[in-house]
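Numbering (the numbering used here), first residue to last: 139 to 319.
Have a look at the structure below before the remarks.
If you want it as structure tokens, here you go:
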């Protein structure tokens, strides 16, 4: 089984566990009002299988953003331009729609944003040249396109967006504040 499919399945299992925990809280009477918000990916119906518009010949596919790519309902990975994901501040778990035109052009649209949380951390550069943001013991990968756009450097302060509920490996960069030299 492809690694991406295994990761996607693990995320779905984690969402099921989290929803079960919340349901148990609700049923036991220990539910708190602030726990009531649930990210859209946790209760949305599974994306429809791909459809084809007979008149235009376009293919429409819905899927989930995994931090770098869109994962379709069949587990297939669809490449997404990093500058689009960065500019749109897509967060892991967002629901996307991909329209593939007759000419092969890919057009993405965010149709179900997950609930977000804003975090301030430090921008760091990994040994392999990938950027990430650290806050305490947590670490999130970020797209290099975001760092390039904000002209960030290791040690700068980064404001990132992550899913409000659940764990994520990726974050969207909202802004980078250059450190004073």
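Beta carbons: idealized from backbone N, C-alpha and C, even for Gly.
None of these values were measured; they are calculated from a predicted model.
Terminal residues of the alpha helix (DSSP H) in which residue i lies
| i | result |
| --- | --- |
| residue 303 | Element bounds for residue 303: n/a, residue is neither H nor E. |
| residue 292 | Per DSSP, residue 292 belongs to no alpha helix (DSSP H) and is neither H nor E. |
| residue 221 | 220-225 |
Nearest neighbour of residue i, chosen from the options [CA to CA]
| i | options | result |
| --- | --- | --- |
| residue 255 | 300, 283 and 268 | 300 |
| residue 282 | 304, 155, 222 and 150 | 222 |
| residue 302 | 310, 295 and 163 | 310 |
| residue 207 | 195, 240, 239 and 248 | 248 |
| residue 275 | 312, 202, 259 and 203 | 259 |
| residue 210 | 195, 227, 225 and 238 | 238 |
| residue 204 | 195, 227 and 198 | 227 |
| residue 317 | 290, 304 and 284 | 290 |
| residue 312 | 151, 265, 225 and 218 | 225 |
| residue 218 | 246, 198, 242 and 197 | 246 |
| residue 197 | 296, 266 and 242 | 242 |
Extent of the continuous beta strand (DSSP E) to which residue i belongs
| i | result |
| --- | --- |
| residue 197 | 197-203 |
Sub-8 Å separation of residue i and residue j beta-carbons
| i | j | result |
| --- | --- | --- |
| residue 250 | residue 233 | yes |
| residue 230 | residue 306 | yes |
| residue 235 | residue 200 | yes |
| residue 270 | residue 279 | yes |
| residue 263 | residue 294 | no |
| residue 304 | residue 156 | yes |
| residue 298 | residue 257 | yes |
| residue 240 | residue 167 | no |
Bridge partner(s) assigned by DSSP for residue i
| i | result |
| --- | --- |
| residue 215 | 209 |
| residue 313 | 297 |
Could I get the ranges of all uninterrupted beta strand (DSSP E) runs contained in the region 229-302, with 3 residues as the minimum, in chain order? Whole beta strand (DSSP E) segments, 3+ residues: 233-238, 244-250, 254-263, 269-273, 276-279 and 295-301.
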